[in-house]
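Undergrad: Please see the structure below; I have some questions.
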Ligand SMILES: *Cc1c(COP(=O)(O)O)cnc(C)c1O
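Structure, rendered in structure tokens:
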């Protein structure tokens, strides 16, 4: 007898126990305190898991067992409350559960024709973000995989617009500060354009004042876009968005605001004023998978004038004519992609479930913990802040420690499952960094970590 048909919705009765096991696994995972877990070497995993892709198949229960017992423990949980490295992730239970629904529903999230209902819901969530920014009624966009994909898509649209009815300059350029995210330089490399580095002020911010002479000197108008950062990833610094936008527009440049991490603080009652002037932007990105409590991978990309993005990104192919020739909202046409998961839906479902006030409150809680952490660090004798808390990023030093001390401590804390906090660099000095995006991180957690630094 040959192999049986893959279970593509016959409903294979043998799937029932697997379904029960998977639902039980998921409920257990979101009901209990997230485990931190850790990492493993290739040889350890080779020894513990062995070959999983076989001609006959392991069977779902056995594959799940290997995942649960070996692979998952070798994978750090981003929602562990004392995971404060990089930018962690703290999805709501509603969003995680709905992610399963998105998978089960087999949706092609690229076109209105094929997914009107899903796209309608995603667009409602995008509208909430657009309102936080202050973008006008006609604004719109799409959920893409991350800030990197969003930055690339926005700048491709910007250049497409700039290239209309003019001769191509020797080199296209964009202006940004050195503190702009690494994905901006990566985008420039993919697009084969140059980045003009604009100096920051004494608070680390890009300002219109510094930008103005750079744009004035650009006689062939090769600088087609200015990128401001609304919350640098390393320090949480928000550029002077009003003056940067004014300078960009005075010179006819596109104004892109990268809020992949920090944009969520637009919802914070305490921090909103830092974003003054953001409403001038031509495009904007925020990652709900960073600080808006959605599962990976989810970035909200918005354009003031989506028609420009549509002109830049619509793919032309005979087999797509039935989609693209209709005057409807096709998410595929607003970024560099075609097929897409309706990845905004878990975020939409959670927003719809909890309401936007709960989102504001959750962001405020994390901000309070970050500022509270700053106070604890200042009060203790063995720690001091390196700079003021920026959004929810805390940079601080353990007095007297070297790079090796930080690394040894960080490795030991992960090993002992106490916390996941890795060192970073600030003005050439190795320091520690907390990035608080999880409303379940408490000041007690912070105090516990600071104690281990004594
Ligand atoms: C994280 C981040 C990015 C990249 O986003 P991904 O989702 O990781 O691709 C870009 N810009 C800023 C400011 C970020 O913090």
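In this note's numbering, the protein residues as written are 3 to 456. A virtual CB, placed ideally from N, CA and C, is assigned to each residue, including glycine.
1) For residue 231 and residue 33, what's the separation of their Cα atoms in angstroms?
2) Cα-Cα, which of 186, 314 and 216 is closest to residue 258?
3) How long is the line joining the alpha carbons of residue 385 and residue 213, rounded to whole angstroms?
4) Which residue's Cα is closest to the Cα of residue 61: 97, 48 and 16?
5) Just to confirm the assignment, what range does the beta strand (DSSP E) spanning residue 102 have?
6) Would you mind reading off the limits of the alpha helix (DSSP H) that contains residue 64?
7) Is the beta carbon of residue 149 less than 7 Å from the beta carbon of residue 266?
8) Provide the residue(s) that pair with residue 363 in DSSP beta bridges, ordered along the chain.
9) Which same chain residues end up closer than 8 Å to residue 431 when comparing Cβ atoms and leaving out the 5 residues on each side of it in sequence?
10) Do the CB positions of residue 268 and residue 152 come within less than 7 Å of each other?
11) From residue 110 to residue 157, what does the alpha carbon distance come to, in whole angstroms?
12) Pick out whichever of 166, 88, 347 and 313 has its Cα sitting closest to the Cα of residue 434.
13) State yes or no: is the C-beta of residue 183 nearer than 6 Å to some heavy atom of ligand 1?
14) Starting from residue 230, follow the alpha helix (DSSP H) in both directions and report where the run begins and ends.
15) Can you name the residues that DSSP bridges to residue 256?
16) Can you determine whether any heavy atom of ligand 1 sits closer than 6 Å to the C-beta of residue 235, and answer yes or no?
17) Please tell me whether residue 218 and residue 200 are closer than 7 Å, where the distance is taken between their beta carbons.
18) State the DSSP-derived secondary structure class of residue 142, mapped to helix, strand or coil.
19) Let's test the definition: count the other Cβ atoms within 10 Å of the Cβ of residue 500 and tell me whether it reaches 16, buried, or not, exposed.
20) Can you check whether the CB of residue 175 is closer than 7 Å to the CB of residue 239?
21) Of the choices 141, 361, 453 and 445, whose alpha-carbon is the least far from that of residue 93?
22) If contact is defined by three or more beta carbon pairs under 8 Å, each pair taking one atom from either stretch, is the region 60 to 78 in contact with the region 277 to 294?
23) Where do the N-terminal and C-terminal ends of the beta strand (DSSP E) with residue 199 fall, by residue?
24) Compute the minimum distance between the beta carbon of residue 262 and the heavy atoms of ligand 1, and state whether it is under 6 Å.
25) For the alpha helix (DSSP H) containing residue 189, name the first residue and the last one.
26) Just checking, does the region 131 to 151 make contact with the region 367 to 380 on the three C-beta pairs under 8 Å criterion?
27) Using DSSP with H/G/I as helix, E/B as strand and the rest coil, what is residue 305?
28) Let's test the definition: count the other Cβ atoms within 10 Å of the Cβ of residue 188 and tell me whether it reaches 16, buried, or not, exposed.
TA: If we stick to the structure as given:
1) Answer to the nearest angstrom: the Cα atoms are 36 Å apart.
2) The shortest Cα separation from residue 258 among 186, 314 and 216 belongs to 186.
3) Spanning the two alpha carbons is a distance of roughly 36 Å.
4) Residue 61 has its Cα closest to that of 16, out of 97, 48 and 16.
5) Counting along the chain, residue 102 sits inside no beta strand (DSSP E); it lies in the alpha helix (DSSP H) bounded by residues 95 to 106.
6) For residue 64, the enclosing alpha helix (DSSP H) covers residues 62 to 68.
7) No, Cβ-Cβ distance for residue 149 and residue 266 is not below 7 Å.
8) In the DSSP output, where bridge partners are listed per residue, residue 363 has none listed.
9) The beta carbon of residue 431 lies closer than 8 Å to those of 388 and 399 in the same chain, with the five residues before and after it left out.
10) No, the pair does not count as a contact, with Cβ atoms beyond the cut-off.
11) Rounded to whole angstroms, residue 110 to residue 157 spans 25 Å at the Cα level.
12) Out of 166, 88, 347 and 313, 88 has the C-alpha closest to the C-alpha of residue 434.
13) Flag set: Cβ of residue 183 near ligand 1.
14) Unbroken run through residue 230 is the beta strand (DSSP E), 225 to 231; no alpha helix (DSSP H).
15) DSSP lists 227 as partners of residue 256.
16) The answer is yes for residue 235.
17) At the C-beta level, residue 218 and residue 200 stay beyond 7 Å of one another.
18) Of the three classes helix, strand and coil, the one that applies to residue 142 here is strand, per DSSP.
19) Given a span of 3 to 456 for the chain in the structure shown, any question on residue 500 remains unanswerable.
20) No, the Cβ-Cβ distance between residue 239 and residue 175 is not below 7 Å.
21) Taking only the C-alpha atoms, the option nearest residue 93 is 361.
22) Contact annotation: the region 277 to 294 does not touch the region 60 to 78, with fewer than three C-beta pairs closer than 8 Å.
23) For residue 199, the enclosing beta strand (DSSP E) begins and ends at 196 to 200.
24) Under cutoff, so the answer is yes.
25) Residues 184 to 193.
26) By the Cβ test, the region 131 to 151 is not in contact with the region 367 to 380, since fewer than three Cβ pairs between them sit closer than 8 Å.
27) Collapsing the DSSP output to three states places residue 305 in a strand.
28) Residue 188 counts as exposed, since fewer than 16 other beta carbons sit within 10 angstroms of its beta carbon.
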